[in-house]
DNA sequence: CAGTAGCG
DNA sequence: AAGT
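Residue numbers (full-length UniProt numbering): 1 to 217.
(1) Less than 9 Å between the C-beta atoms of residue 211 and residue 122, yes or no?
(2) Could you name the residues that DSSP lists as bridge partners for residue 254?
(3) Candidates 182, 152, 141: which alpha carbon is nearest residue 161's?
(4) Can you give the Cα-Cα distance for residue 67 and residue 156, rounded to whole angstroms?
(5) Residue range of the alpha helix (DSSP H) that residue 176 falls in?
(6) For the candidate residues 112, 137, 47, 62, whose alpha-carbon lies nearest to that of residue 85?
(7) Determine, using beta carbons only, whether residue 153 and residue 207 come nearer to each other than 9 Å.
(8) Whole angstroms are fine: how far does the CA of residue 82 sit from the CA of residue 145?
(9) When we look at the beta-carbon of residue 42 and count the other beta-carbons within 10 Å, is it buried (16 or more) or exposed?
(10) One question on the structure: do residue 34 and residue 184 come within less than 9 Å of each other, judged by their Cβ atoms?
(11) What does the alpha-carbon distance come out to for the pair residue 71 and residue 94?
(12) Any idea which residues DSSP pairs residue 192 with across the strands?
(13) Would you decide whether residue 200 is buried or exposed? Buried here means 16 or more other CB atoms lie within 10 Å of its CB.
(14) Can you give me the start and stop residues for the beta strand (DSSP E) that residue 212 sits inside?
(15) Quick one: Cα of residue 202 to Cα of residue 175, how far?
(16) Rank 117, 25, 89 by C-alpha distance to the C-alpha of residue 97 and give the top, closest one.
(17) Classify residue 32: buried if its beta carbon has 16 or more other beta carbons within 10 angstroms, exposed otherwise.
(18) Just verifying my parser: in three-state terms, what is the DSSP assignment at residue 120?
(19) Thinking C-beta only, is residue 127 closer than 9 Å to residue 24?
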């Protein structure tokens, strides 16, 4: 934890909203370090570009993705997995910026999950009209660690459902700087993002960037 | 509702 | 099945 980050997060006065048992929405939690986060995303994508992946069914995801950290989440026609190598650059994923680790750890702590040590950060780029259908994060070996999700840029509607795909999801509006943490009994909750509404964000333009931190093993 | 590669 |  750098002193600067500690200070800026300590100065922030995010509100907390419990959205489910073991799931919390920290409104504005990342807002004080927005410029540093965006600069870090630019550095990451300079090495490992955003790309639209193809699912096992042969369909292209609308959301463009990249990763940083020891392992990155990827999908292709063979399935879903974490891989230490970016198949596009054929190099290791960019390392996880200390700022990212610290933010994720601190958010997890606020959410009731101390000592969160993510080894993977999926970086998602949503443009107007793109979405992520309801799914579970279950490619990680360590399901005791929470998921930490950071929103930047355009607002989105986060869908948070139950343990069955058929459970009707609740809808939460996520804006720039919001962080969602979920784990424990909701670790495998179905979740997704509704099609992004068009708009213009002062720092990111017509896009939403989402950082999702996981401990994969 | 559907298709793949890889593994046992 | 993070897809249509």
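No residue lacks a Cβ here, since even glycine has one placed at the ideal position from N, Cα and C.
This is what the structure gives:
(1) By one-based count along the first chain, residue 211 stands at place 211. By one-based count along the first chain, residue 122 stands at place 122. Cβ distance < 9 Å, so residue 211 and residue 122 count as in contact.
(2) It is not possible to answer for residue 254, since the shown part of the chain is limited to 1 through 217.
(3) Here residue 161 refers to the residue found at position 161 of the first chain. Residue 182 is the option with its Cα nearest to residue 161.
(4) Translated into positions along the first chain, residue 67 becomes position 67. Translated into positions along the first chain, residue 156 becomes position 156. About 20 Å.
(5) Here the question's residue 176 lines up with position 176 in the first chain. Residue 176: not part of any alpha helix (DSSP H); DSSP gives it neither H nor E.
(6) Residue 85 sits at position 85 when you count from the first residue of the first chain. Considering only 112, 137, 47, 62, the residue with the shortest C-alpha distance to residue 85 is 47.
(7) Within the first chain, the letter at position 153 stands for residue 153. Within the first chain, the letter at position 207 stands for residue 207. Taking a C-beta distance under 9 Å as the contact criterion, residue 153 and residue 207 qualify as a contact pair.
(8) Position 145 of the first chain, counted from the first residue, corresponds to residue 145. Position 82 of the first chain, counted from the first residue, corresponds to residue 82. In a straight line, the C-alpha of residue 145 is about 16 Å away from that of residue 82.
(9) By one-based count along the first chain, residue 42 stands at place 42. By the neighbour-count criterion, in which a residue is buried when 16 or more other Cβ atoms sit within 10 angstroms of its Cβ, residue 42 is exposed.
(10) Taking the first chain and counting its residues from 1, one reaches residue 34 at position 34. Taking the first chain and counting its residues from 1, one reaches residue 184 at position 184. No, these two residues do not count as a Cβ contact at 9 Å.
(11) Residue 71 sits at position 71 when you count from the first residue of the first chain. Residue 94 sits at position 94 when you count from the first residue of the first chain. A direct Cα-Cα distance of roughly 10 Å separates residue 71 from residue 94.
(12) Counted from its first residue, the first chain places residue 192 at position 192. Among the bridge pairs identified by DSSP, residue 192 is matched with 159.
(13) On the first chain, position 200 is the one that residue 200 refers to. Exposed, because fewer than 16 other Cβ atoms sit within 10 Å of the Cβ of residue 200.
(14) Within the first chain, numbered from 1, the residue matching residue 212 stands at position 212. Note, residue 212: beta strand (DSSP E), 208 to 214.
(15) Numbered from 1 along the first chain, position 202 holds the residue referred to as residue 202. Numbered from 1 along the first chain, position 175 holds the residue referred to as residue 175. Going from the Cα of residue 202 to the Cα of residue 175 covers about 13 Å.
(16) The residue you call residue 97 lines up with position 97 of the first chain. Of the candidates 117, 25, 89, the one whose C-alpha sits nearest the C-alpha of residue 97 is 117.
(17) What you label residue 32 is simply residue 32 of the first chain in a count that begins at 1. Taking all protein chains shown into account, residue 32 has 16 or more neighbouring C-beta atoms within 10 Å of its C-beta and is therefore buried.
(18) Within the first chain, the letter at position 120 stands for residue 120. Residue 120 falls in the strand class under three-state DSSP.
(19) Start at 1 with the first residue of the first chain, and residue 24 comes out as number 24. Start at 1 with the first residue of the first chain, and residue 127 comes out as number 127. Their beta carbons are not under 9 Å apart, which means residue 24 does not touch residue 127 by this criterion.
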